[in-house]
Amino acid sequence: MKFAAIFVLFANAFSAGMMFLASVFISRYGGKDLFGFFSVVLGLIISATPVVTVGMDAAIVKFLPQYRNEGRRQLISGMPRFVVLFSGFISIVGGVVLGWILVQFRNYGWEIGFAAGACLPLAVMLTVLQSTIRADGNVSRAVVGEAIIRPLVFGLLLLLLQFTLLNQLSLFAVVGAYALALLGANVVASMHVNWRGEFHPEKTDIRLWFQFGLNVLFSNFSIALLNQSPVIVAGIVLSAFDAGELGAVIRLAMLVAFALTAVNSVISPFLSRAMSLGDKVELQSLVTRATAFSLLVAVPVCGAFYAFAPLLLSVFGESYQGAVPYLRMMLVAYGVQTAAGSSVALLNMTGIHRATTKIVVTWAILTVLGLFAAMNYAGMFGGVIVAALSVAGYPVLLAFLCHKTLGIDPTVLSLRFLIRK
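Under this note's numbering, the first residue of the sequence shown carries the number 6, and numbering increases by one thereafter.
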């Protein structure tokens, strides 16, 4: 597992770095408005993906390890096929709706609506495939498509479009390049999924998947919305220019927590397996090591970014210098989130997802309402304050829930267990 964690960490670091460079490239050569539009579209796709999958991607990670332990071969390869077909149909409908909204209500061309709409089903399929590979225990292979192929293809296509084919970036070129990058990631991920085998599910099995998925759906959607809503709301209330500035801030600040994201993807199947065996000692050990590993990366990154915030934002362009205080606030917020540990993965994989959903959904609703109010009355400054409080607040609540319901501490305080050893 240590090798897998290190590989996933480096893969996510590569992804974060490449997407950061792509953001700088779009902002420099396409302008702040173009970067703002892409940030809004990307935020919509990321937020919509857990809705379209109906949480079934998390159900795959939870139930497939159990089915292997129980020897239920008829469900091991069949469950991913069912989820792909189900999510694929809904995502195509969702992509059409997204494209139609961009054309009818935002007055973009049909080609832009088509490219943006195509991104949604491609992102959904990649999520399902990635979850299937993770459930097989191949967490290293699971990140190859999303963390390596997707950003690499996207970056190469941007260079090709700017310096060879078009000599100028456009909305359609950027969104189309991202759609092609997702397609390439799907092709690579599909090679590591076993599509063969019998499939004879009972109605009770499918009902169980949907029951779990629907609970996780609202939780995952709310968490995605918490991360992406500042940019989306800025694009609605303020302007694409402001959304671009806030997009740069969020993209940089989220790098603090990328190690936590990587570790969560590694430990989720192991958490599910430990819970099925009733081994709480192993659960505590897993989340403690995950928190230690995450902080080992997050603390120096947060410190360096805080100190060199003006320099980092200047890479996007001179007009971003006014966002330095915003970046520093968000860095502290994501630092607190990392210190709260792997509470989301722990709660979802141990069956406490209903309580998690209630907390996160309520928090997301309050955050979105707060963002609309704050940006209307206090502009960007008010929105960033709400966003920072939101990002830092809900992980602390979930960590408290972990301790209360499971007796497990996922936070930085759990490092005391490592010291005792």
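Every residue, glycine too, gets a C-beta built ideally from N, C-alpha and C.
Predicted model only: the values in this text are computed from it and were never measured.
| Asked | Found |
| --- | --- |
| What residue range does the alpha helix (DSSP H) around T132 cover? | W115 to A140 |
| Under the assumption that I31 contacts L174 (Cβ atoms under 8 Å), give the Cβ distance between them as a whole number of angstroms. | 6 Å |
| Residues in its own chain within less than 6 Å of I95 by CB, not counting five upstream and five downstream? | V57 |
| Since Y325 contacts S319 with CB under 8 Å, what's their CB separation in whole angstroms? | 7 Å |
| Inspect the beta-carbon positions of S136 and V66 and report whether they are closer than 7 Å. | yes |
| Where does L171 sit, in a helix, a strand or coil, going by DSSP? | coil |
| For V417, report the span of its alpha helix (DSSP H) as first-last. | Neither: V417 is in no alpha helix (DSSP H) and is coded neither H nor E. |
| With DSSP as the reference, label H205 as helix, strand or coil. | coil |
| Is DSSP giving A345 helix, strand or coil here? | coil |
| Taking 8 Å as the cut-off, does the segment 363-373 touch the segment 228-240 (at least 3 CB pairs, one atom from each stretch)? | yes |
| Considering only C-alpha positions, which residue in the set V158, V179 and G346 is nearest to F19? | V158 |
| Kindly confirm or deny that the segment 209-226 and the segment 245-263 touch, where touching means at least three C-beta pairs closer than 8 Å. | no |
| Quick one: grab the DSSP three-state call for T293. | helix |
| Since D247 is in the alpha helix (DSSP H), which residue starts that stretch and which ends it? | A245 to A258 |
| Tell me the residue span of the alpha helix (DSSP H) that contains T58. | Careful: T58 lies outside any alpha helix (DSSP H) and carries neither H nor E. |
| Verify whether the separation of the beta carbon atoms of F43 and V149 is less than 7 Å. | no |
| Do M24 and P156 have their CB atoms nearer than 7 Å? | yes |
| Using the three-state DSSP reduction, which class does R86 fall into: helix, strand or coil? | helix |
| Helix, strand or coil for F405? Go by DSSP, reduced to three states. | helix |
| Assign Y382 to one of two classes, buried (16 or more other C-beta atoms within 10 Å of its C-beta) or exposed (fewer than that). | exposed |
| Quick one: what does DSSP say M24 is sitting in, helix, strand or coil? | helix |
| How about A123 and A184: do their beta carbons lie closer than 7 Å? | yes |
| Count the other CB atoms, across all protein chains shown, that sit within 10 Å of the CB of V192; report buried if there are 16 or more and exposed otherwise. | exposed |
| Which word fits E323, buried or exposed, when buried means at least 16 other C-beta atoms lie within 10 angstroms of its C-beta? | exposed |
| Give a yes or no on contact between the segment 295-303 and the segment 210-223, applying the rule of three or more CB pairs nearer than 8 Å. | no |
| Among V46, F119 and R111, which has the Cα closest to the Cα of I97? | F119 |
| Determine the contact status of V268 and Y331, defining contact as a CB-CB distance below 7 Å. | no |
| Buried or exposed for F117, going by 16 or more other Cβ atoms inside 10 Å? | In the sequence on display, residue 117 carries Ile and not Phe. Per the 10 Å Cβ criterion, buried. |
| Just tell me which of A140, S290, C307 and V59 has its CA closest to the CA of W214. | V59 |
| Are the CB atoms of A248 and A258 within a distance shorter than 7 Å? | no |
| Any idea if D284 is buried or exposed, counting beta-carbon neighbours within 10 angstroms, 16 or more meaning buried? | exposed |
| Give me the residue from E250, G114 and L336 with the minimum Cα distance to D38. | E250 |
| If you draw a straight line from the C-alpha of Y339 to the C-alpha of G48, how long is it? | 18 Å |
| Rounded to whole angstroms, how far is the Cβ of S28 from the Cβ of F40, which I believe are closer than 8 Å? | 7 Å |
| With DSSP as the reference, label G387 as helix, strand or coil. | helix |
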